[in-house]
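Below: one structure, written as structure tokens.
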Amino acid sequence: MFKCIKTTTTQNKNSVNLYQSPHTTGKKVLIIAGTHGDEPQGTDILSLYIKENITCKNNLYIIPCVNPDGYEQKLRTNSNNVDLNRNFPTENWELTEKNEFFGGNSPSSEIETQFLVEIITEIKPDIILTIHAPFKIVNYDGPAENISKQIAKIIDYPVQHDIGYPTPGSFGTYCGLEKNIPTITLELGEDEAFNWQKDRCYKILELLANQY
Ligand SMILES: [Zn+2]
């Protein structure tokens with residue numbers, strides 16, 4: 034069982050929770066999901082995983098749902114219509130049009146972004162996994178090529194270093210490119226059976242928990 038060690042409250046009074054594994058030494062692994070509320074797969078899997086009695090050699094930190102307001106309403110953005118994956122305080126953050134990729138009125142303007150920035154500053158993770166959908170790829174930022182290949186092998190997706198479009202203010206740019214933390218973005222599919230995805234993700238988590 035994981036233990037909730039930190040929490041914040043969103044605009045719509047939902048909680049964003051950070052959980053830690055019972056084992057608290059070894060490499061610090063941060064795993065997050067639900068940055069986009071219309072991509073529930075990762076949140077549903079991590080919500081089950083934190084209830085498991087796992088054995089691990091590393092120190093696992095998990096946020097099953099970064100954007101609970103979006104999750105509740107099946108929306109990409111949070112309740113301020115901000116795409117949290119464009120709201121990080123990166124050098125390339127920019128004020129954009131108010132569409133579904135709107136990065137906020139200023140970098141790190143959102144509670145959810147502030148919570149993550151604080152956690153990353155405090156914990157200083159050795160590696161980060163963030164789960165999205167629906168592209169069926171393993172994307173990475175920072176020095177994560179090797180581990181991305183191992184993850185890709187488990188889930189049988191291709192490794193794709195460049196996602197093919199600019200993502201100013203993204204989590205990957207903030208952690209991977211600017212802080213040099215190996216940051217892997219796992220993009221699950223939308224048409225895969227839940228148990229298949231859960232099984233593959235558990236194997237990936239096992240890799241990060243014990244073999245990284
Ligand atoms: Zn996404």
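Here the sequence shown is numbered in the numbering used here, starting from 34 and rising by one per residue.
Every residue, glycine too, gets a C-beta built ideally from N, C-alpha and C.
This one's a predicted model, so the numbers in the text were calculated from it and none came from an experiment.
The C-alpha of I156 lies about 12 angstroms from the C-alpha of I64.
Contact between N92 and G59 holds: CB atoms are separated by about 5 angstroms, below the 8 angstroms threshold.
Beyond the five residues adjoining it in sequence on each side, R233 comes within less than 7 angstroms, by CB distance, of I187 and I188 in the same chain, given in chain order.
Apart from sequence neighbours up to five positions away, the residues of its chain that approach P122 with a beta-carbon distance below 6 angstroms are P140 and S141, ordered along the chain.
For E143, same chain residues with a beta-carbon under 7 angstroms away, outside a window of 5 residues either side, are N111, N113, V115, L117, N120 and G137 in chain order.
Distances between the C-beta of N118 and the heavy atoms of ligand 1 include at least one below 7 angstroms. When the Cα atoms are used, Y235 and Y82 turn out to be separated by approximately 8 angstroms. I184 and V150 have their C-alpha atoms some 25 angstroms from each other. A check of alpha carbon separations from I196 across E223, P167 and K90 identifies P167 as the nearest. At least one heavy atom of ligand 1 lies less than 7 angstroms from the C-beta of E72. A straight line joining the alpha-carbon of I180 with that of K61 spans about 15 angstroms. Along the length of the segment 125–187, whole beta strand (DSSP E) runs at least 3 residues long occupy 160–165 and 170–174, reported in chain order. By the CB criterion at 8 angstroms, V49 and V99 fall inside the cutoff. DSSP places L51 within a strand segment (E or B) once states are collapsed to three.
With a threshold of 7 angstroms, the Cβ atom of H56 does not count as near ligand 1, since no heavy atom of the ligand is closer than that.
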